[in-house]
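When we follow this note's numbering, the leftmost residue of the sequence shown carries the number 185, and every step to the right adds one. Where a beta carbon is used, it is the ideal one built from N, C-alpha and C, also for glycine. Worksheet: the structure to be examined is printed underneath.
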Amino acid sequence: MPRSQLLKIVVSRIALAILMFMMFFFLPAGTWNYWQAWVYMGLLLTPMFFALAYFLKKDPELLERRMRMREQRSEQRKLIKFSSVFFVLAYILPGFDRRFGWSNMALGIVIAADLCIVLGHLVVFRVMQINSFASRVIEIANEQKVIDTDLYAIVRHPMYVGAILLYCASPLALGSYWAAIPGLAIIPVLVARILDEEAALEKDLPGYLEYKKKNKVPPDSRYLVKELMTKKERPCDFSQGRSFYSYKVALIGETYFPVFVERIAFSNAFCSARLASILR
185 MPRSQLLKIV VSRIALAILM FMMFFFLPAG TWNYWQAWVY MGLLLTPMFF ALAYFLKKDP
245 ELLERRMRMR EQRSEQRKLI KFSSVFFVLA YILPGFDRRF GWSNMALGIV IAADLCIVLG
305 HLVVFRVMQI NSFASRVIEI ANEQKVIDTD LYAIVRHPMY VGAILLYCAS PLALGSYWAA
365 IPGLAIIPVL VARILDEEAA LEKDLPGYLE YKKKNKVPPD SRYLVKELMT KKERPCDFSQ
425 GRSFYSYKVA LIGETYFPVF VERIAFSNAF CSARLASILR
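Quick look at the structure:
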């Protein structure tokens with residue numbers, strides 16, 4: 185695709201995103217006097233324009249891949265449709281929160297959330313720097329190879345780590361505690377997407393199975409679900425409630441979760457696997 189045409193597509197998408205976010209934030213708020221939203225949009229758009237200029241020069245093929253929106257896998261399409269409900273709620277509720285004063289959030293929390301937004305953008309940007317095949321949709325190119333260095337040496341899906349940071353921090357950056365509920369609900373959907381993506385990578389990307397054995401962050405969610413549902417010491421009894429769950433968290437956590445990212449993956453593994461099975 186010619187760079188001029190690619191530039192037009194990217195700029196039009198950014199312009200549409202600006203219009204969409206202004207409708208999400210300021211219409212429910214009923215005022216332009218919503219400084220958290222203005223700061224958030226600045227933190228969101230500034231890296232976008234920087235990344236556009238950088239990759240248009242360094243890696244236009246990556247930008248072209250990032251413009252693809254149509255998922256080929258039916259499981260991914262179902263998950264995206266399902267998550268759109270939580271996405272819309274997470275971005276509309278802060279405006280109503282601003283209008284009706286539901287949350288009285290300390291300035292320090294908003295600033296901390298803004299810093300997480302910046303960190304999430306840095307993670308996403310770095311992933312795109314080191315992985316030219318970081319498409320928005322799941323696809324395996326003929327010349328694609330497994331990347332096991334840099335961020336990929338720490339976690340198998342660093343792009344999702346950046347996305348989780350953005351989704352979790354956005355409601356707080358917009359000054360709303362209530363919007364954090366649908367914001368956090370997006371995480372199990374993202375982990376369900378990882379489960380389906382890993383199935384595709386294991387099947388079609390040479391060397392991915394070996395990489396997965398070497399890098400166990402996040403752990404295989406299928407194993408985690410099995411561990412949660414079984415217990416050798418005594419039969420699984422959900423009536424035991426918190427004590428049983430706490431035992432499993434400690435058992436698996438000590439073995440598989442020495443870092444923060446692993447804990448994020450584990451906390452959502454069970455519900456994500458169930459969600460994926462329901463939507464199939």
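List the endpoints of the continuous alpha helix (DSSP H) containing Y336. Counting along the chain, Y336 falls outside any alpha helix (DSSP H), and DSSP gives it neither H nor E.
Where P390 falls, given that 16 or more other Cβ within 10 Å makes a residue buried: exposed
Please go through the same chain and pick out, in chain order, the residues whose beta-carbon is closer than 8 Å to the beta-carbon of R418, but skip the five residues on each side of it. The pLDDT assigned to R418 is 44, lower than 50, so where the model puts this residue is not dependable, and the model offers no usable value.
Would you check if the distance between the CB atom of S316 and the CB atom of D388 is smaller than 8 Å? no
Below 7 Å CB to CB, which residues in the same chain sit around M498 once its five sequence neighbours on both sides are set aside? In the structure as shown, the chain starts at 185 and stops at 464, and residue 498 therefore has no counterpart that could be examined.
Environment of L350 [buried if 16+ CB atoms lie within 10 Å]: buried
K387, DSSP secondary structure in three states: helix
Could you tell me the alpha carbon to alpha carbon distance between G304 and Y395, rounded to whole angstroms? 24 Å
Which two residues bound the contiguous alpha helix (DSSP H) that contains Y218? Looking at the DSSP string, Y218 is not in any alpha helix (DSSP H), and its letter there is neither H nor E.
Could you tell me the alpha carbon to alpha carbon distance between S354 and N288, rounded to whole angstroms? 16 Å
Using 8 Å as the cut-off, can you tell me whether the region 369 to 388 makes contact with the region 322 to 337, which would need three or more C-beta pairs spanning the two stretches below that distance? yes
For W286, which residues of its own chain have a beta-carbon under 8 Å away from its beta-carbon, when the five flanking residues on both sides are left out? F280, S360, Y361 and W362
How about F234 and L247: are their beta carbons less than 8 Å apart? no
Count the C-beta pairs between the region 325 to 337 and the region 362 to 381 that are closer than 8 Å, then say yes if the count reaches three, no if not. no
Under a Cβ-count criterion, where at least 16 other Cβ atoms within 10 Å of its own Cβ denotes burial, should V186 be classed as buried or exposed? Per the sequence shown, the amino acid found at residue 186 is Pro instead of Val. Exposed: under 16 other Cβ atoms inside 10 Å.
Ends of the alpha helix (DSSP H) at Q260? S258 to F284
Collapsed DSSP secondary structure at P186 in the structure displayed: coil
I'd like the list of long-range same chain contacts for L291, defined as Cβ closer than 7 Å, with 5 residues on each side in sequence excluded. none
Buried or exposed for Y294, please, with buried defined as at least 16 other CB atoms from any protein chain shown within 10 angstroms of its CB. In the sequence as displayed, the identity of residue 294 is Val instead of Tyr. It is buried - the Cβ of V294 has at least 16 other Cβ atoms within 10 Å.
I need the DSSP call for V373, collapsed to helix, strand or coil. helix
Give a yes or no on whether the C-beta atoms belonging to L227 and I301 are separated by under 8 Å. yes
Out of M232, V345 and I314, state which residue places its alpha-carbon closest to the alpha-carbon of I331. I314
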